[in-house]
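Trainee: The UniProt record's numbering puts the first residue of the sequence shown at 1, with every later residue one more than the last.
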Amino acid sequence: MQKNDIVTVEIKDIGIGGEGIGKVDGYTLFIKDAIVGDVVEAKIMKAKKNYGYAKLMNIIQSSDERISARCPAARQCGGCQIQEMSYDSQLAFKHEKVRNNLIRLGDISPEMLDKVMEPICGMEQPFRYRNKAQFPIGRTRDGKLTVGFYAGRTHSIIPVPDGDCALGAEENREVLQIILTFMEKYKVEAYNEETHTGLVRHILIRKGFTTKEMMVCLVINGKTLPHSDELVRQLTHIEGMTSISYSVNEEKTNVIMGSCIKTIWGKDYITDYIGNVKYQISPLSFYQVNPIQTEKLYGTALEYAGLTGKETVWDLYCGIGTISLFLAQKAKQVYGVEIVPQAIDDAKNNARINSIDNADFYVGKAEDVLPEKYEKEGIYADVIVVDPPRKGCEEAVLNTMVKMQPDRIVYVSCDSATLARDVKYLRERGYELERVRAVDMFPQTVHVETVVRLTRKAQ
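This is how it looks when you write it as structure tokens:
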């Protein structure tokens with residue numbers, strides 16, 4: 001196979017990035033926007049020795065699982081990779097993704113997984129679930145202001161159709177229209193990455209799904225936002241508007257938010273609930289973007305922890321304490337560890353506003369804090385809960401967990417490949433996998449969360 005060859009391919013599988021996978025004379029091709037069951041015409045764009053990447057040119061025969069995308073920009077936008085798959089097919093793909101990683105990388109037998117793996121937890125309404133959106137703003141080639149999302153693996157802005165992303169809150173559309181009109185009227189320029197000129201870089205919008213509170217934060221390449229009083233006047237007409245601010249980011253960087261936040265109207269934060277736990281959310285706070293599924297995810301973690309009210313629990317990579325405070329409702333004592341100082345400040349504040357006094361939080365790396373508290377201060381663990389970043393747990397963390405010999409380990413993962421690797425490590429050191437469940441936190445995308453419970457074997 002060579003670049004620019006046109007081939008006909010039947011799609012037999014889906015890759016981890018959502019690409020359709022098919023073979024032509026034994027040569028594997030990855031084809032974006034193709035799904036299992038499609039027969040497609042594709043143009044080879046990059047040819048390696050044993051595999052290549054191709055562009056979907058034409059669908060010759062549609063899969064039974066293919067549906068029309070709700071968003072007309074779904075193929076161009078980098079946000080939704082599998083919006084043209086039926087939702088049942090999306091769930092089946094994610095369930096199998098987790099299962100296959102546990103088999104291939106975790107060395108767990110299919111027979112064992114048949115016993116311990118539970119059905120994936122999906123959504124009744126898999127749209128309008130995001131409580132946060134960050135929209136880059138720029139100009140089109142003909143000079144018009146535009147706002148949207150970046151195309152996959154680029155910084156080319158794909159305009160949001162009518163300013164309305166199908167995954168986000170309906171109020172986002174009105175917010176974006178107000179800001180674009182404001183910028184045109186007062187000649188407030190959009191940021192240009194190439195020249196590092198212009199003012200407005202991104203628009204951050206957050207919504208409390210339970211409280212209906214709204215937050216708008218403009219990320220700007222400067223110290224002040226001109227005519228901000230007029231922007232405030234217009235935005236405050238939106239129902240639920242609670243916080244309006246700007247974030248100063250004058251760096252040449254891909255990082256969206258700056259560290260300096262200036263509130264120009266209302267509160268510095270909005271509030272929302274997961275279950276009956278209240279959280280204060282600032283522009284810089286980490287907070288799960290799908291509150292409906294987050295409650296199910298944390299509920300699963302709490303169920304797997306099997307708490308009776310007598311346990312000491314460690315929550316590693318605790319963030320702003322979202323899981324910690326859930327666990328504290330059923331535990332004797334919870335200790336949370338997180339490397340980001342601001343997150344720990346938020347965790348302590350969230351404990352305070354919920355009158356939770358059996359949760360303590362420490363700043364630092366889990367691999368440093370855990371040995372110190374265990375070996376020097378004798379703080380043990382009946383249950384350890386981990387929710388690490390995509391790279392999984394550091395081996396030093398896993399090793400200390402094993403030394404502490406908790407009865408149960410609950411592992412919450414955003415990457416089932418690193419989860420499988422870490423589960424294998426723990427199974428080789430005295431723990432056994434008892435329960436597994438995938439939770440679809442991000443419908444229309446390839447991402448999936450997983451919760452597992454491991455129990456210490458009797459010696």
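Note that beta-carbon positions come from the ideal geometry of N, C-alpha and C, so glycine has one too.
Quick caveat: nothing in here was measured; it's all calculated off a predicted structure.
Considering only residues of the same chain and omitting the five flanking positions on each side of residue 453, which have a CB-CB separation below 7 Å?
Mentor: Around residue 453: 304, 408, 410, 434, 435.
Trainee: Would you list the residues sitting across from residue 157 in a DSSP beta bridge?
Mentor: Beta-bridge pairing links residue 157 to 150.
Trainee: Under three-state DSSP, which class holds residue 411?
Mentor: Three-state result, residue 411: strand.
Trainee: Kindly indicate the opening and closing residues of the alpha helix (DSSP H) around residue 420.
Mentor: Element bounds for residue 420: 416 to 427.
Trainee: Span of the beta strand (DSSP E) holding residue 280?
Mentor: Segment 277 to 281, the beta strand (DSSP E) holding residue 280.
Trainee: Across the segment 20 to 31 and the segment 51 to 58, are there enough close Cβ pairs to call them in contact, namely three or more that are closer than 8 Å?
Mentor: At 8 Å Cβ cutoff, the stretches touch.
Trainee: Report all residues from its chain with a CB closer than 8 Å to the CB of residue 395; omit the five preceding and five following residues, and keep chain order.
Mentor: Around residue 395: 425.
Trainee: May I ask you to report which of helix, strand or coil DSSP gives residue 324?
Mentor: Reduced to three states, the DSSP call for residue 324 is helix.
Trainee: For residue 477, which of helix, strand or coil comes out of DSSP?
Mentor: Given a span of 1 to 459 for the chain in the structure shown, any question on residue 477 remains unanswerable.
Trainee: Where do the N-terminal and C-terminal ends of the beta strand (DSSP E) with residue 198 fall, by residue?
Mentor: No beta strand (DSSP E) holds residue 198; DSSP gives it neither H nor E.
Trainee: With a threshold of 16 other CB atoms inside 10 Å of the CB of residue 336, please say whether the residue is buried or exposed.
Mentor: With 16 or more Cβ atoms within 10 Å of its Cβ, residue 336 is classed as buried.
Trainee: When the Cβ atoms of the segment 59 to 71 are set against those of the segment 386 to 394, are three or more pairs found closer than 8 Å?
Mentor: In short, these stretches do not touch, since the Cβ pair count stays below three.
Trainee: Taking contact to mean at least 3 C-beta pairs separated by less than 8 Å, is the segment 183 to 190 in contact with the segment 239 to 250?
Mentor: Short answer: they don't touch.
Trainee: So, residue 132 versus residue 313, is the Cβ gap smaller than 8 Å?
Mentor: Not a contact, by the Cβ cut-off of 8 Å.
Trainee: Please classify residue 129 as buried or exposed, where buried requires at least 16 neighbouring CB atoms within 10 angstroms.
Mentor: So residue 129 ends up on the buried side.
Trainee: Among the residues of its own chain, which have a CB less than 8 Å from the CB of residue 78, if the five just before and after it don't count?
Mentor: Cβ within range, chain order: 149, 150, 151, 152, 153, 154, 158.
Trainee: Which residues in the same chain as residue 113 place their Cβ atom closer than 8 Å to its Cβ, once the five residues preceding and following it in sequence are excluded?
Mentor: The answer, listed in chain order, is 99, 102, 103, 436.
Trainee: Who are the near neighbours of residue 93 in its chain, counting only those whose CB is closer than 6 Å to its CB and skipping five residues on each side?
Mentor: Excluding residues within five positions, the ones whose Cβ falls inside 6 Å are 14.
Trainee: Please work out which residues of its chain come closer than 7 Å, Cβ to Cβ, to residue 464, disregarding the five sequence neighbours upstream and downstream, and give them in chain order.
Mentor: Residue numbering for the chain in the displayed model covers 1 to 459; residue 464 lies beyond these limits and cannot be assessed.
Trainee: Thinking C-alpha only, which one of 280, 276, 259 is nearest residue 268?
Mentor: Out of 280, 276, 259, 280 has the C-alpha closest to the C-alpha of residue 268.
Trainee: Out of 3, 271, 226, 120, point me to the one whose CA is closest to residue 449's CA.
Mentor: The candidate whose alpha carbon is nearest that of residue 449 is 120.
Trainee: Between which two residues does the alpha helix (DSSP H) carrying residue 98 extend?
Mentor: Here the alpha helix (DSSP H) through residue 98 covers 87 to 104.
Trainee: I'd like the span of the alpha helix (DSSP H) that includes residue 112, first residue to last.
Mentor: It spans 110 to 116 - the alpha helix (DSSP H) in which residue 112 sits, taken as one unbroken run.
Trainee: Would you call residue 50 buried or exposed, if buried means 16 or more other Cβ atoms sit within 10 Å of its Cβ?
Mentor: Under this definition residue 50 is an exposed residue.
Trainee: Relative to the alpha-carbon of residue 85, which residue among 459, 444, 456, 455 has its alpha-carbon at the smallest distance?
Mentor: Closest by alpha carbon: 444.
Trainee: Which residue marks the beginning of the alpha helix (DSSP H) containing residue 174, and which one marks its end?
Mentor: Here the alpha helix (DSSP H) through residue 174 covers 171 to 186.
Trainee: Can you give me the start and stop residues for the beta strand (DSSP E) that residue 55 sits inside?
Mentor: Per DSSP, residue 55 belongs to the beta strand (DSSP E) from 51 to 61.
Trainee: To which residues does DSSP link residue 135 through a beta bridge?
Mentor: For residue 135, which the question treats as bridged, DSSP gives the partners 203.
Trainee: For residue 81, count neighbouring Cβ atoms within 10 angstroms of its own Cβ and tell me buried if that reaches 16, exposed if not.
Mentor: Answer is buried; the Cβ neighbour count reaches 16.
Trainee: Just curious, the alpha helix (DSSP H) that residue 401 is in, first and last residue?
Mentor: Unbroken alpha helix (DSSP H) run through residue 401: 395 to 404.
Trainee: Starting from the Cα of residue 292, find the closest Cα among 236, 369, 126, 65 and give me that residue.
Mentor: Ranking 236, 369, 126, 65 by Cα distance to residue 292 puts 126 first.
Trainee: Within a Cβ cutoff of 7 Å, which residues of the same chain sit near residue 107, ignoring the five residues on either side of it in sequence?
Mentor: Correct list, in chain order: 424.
Trainee: Whole angstroms is fine: what's the gap from residue 165's alpha carbon to residue 181's?
Mentor: When rounded, the distance between both Cα atoms is 19 Å.
Trainee: List the residues that DSSP assigns as beta-bridge partners of residue 335.
Mentor: DSSP output for residue 335 lists 314, 360 as bridge partner(s).
Trainee: My guess is that residue 37 and residue 11 are in contact by the Cβ rule of under 8 Å, so how many angstroms apart are they, rounded?
Mentor: That pair is a contact at about 7 Å.
Trainee: Are residue 439 and residue 316 closer than 8 Å when you measure CB to CB?
Mentor: No, the pair does not count as a contact, with Cβ atoms beyond the cut-off.
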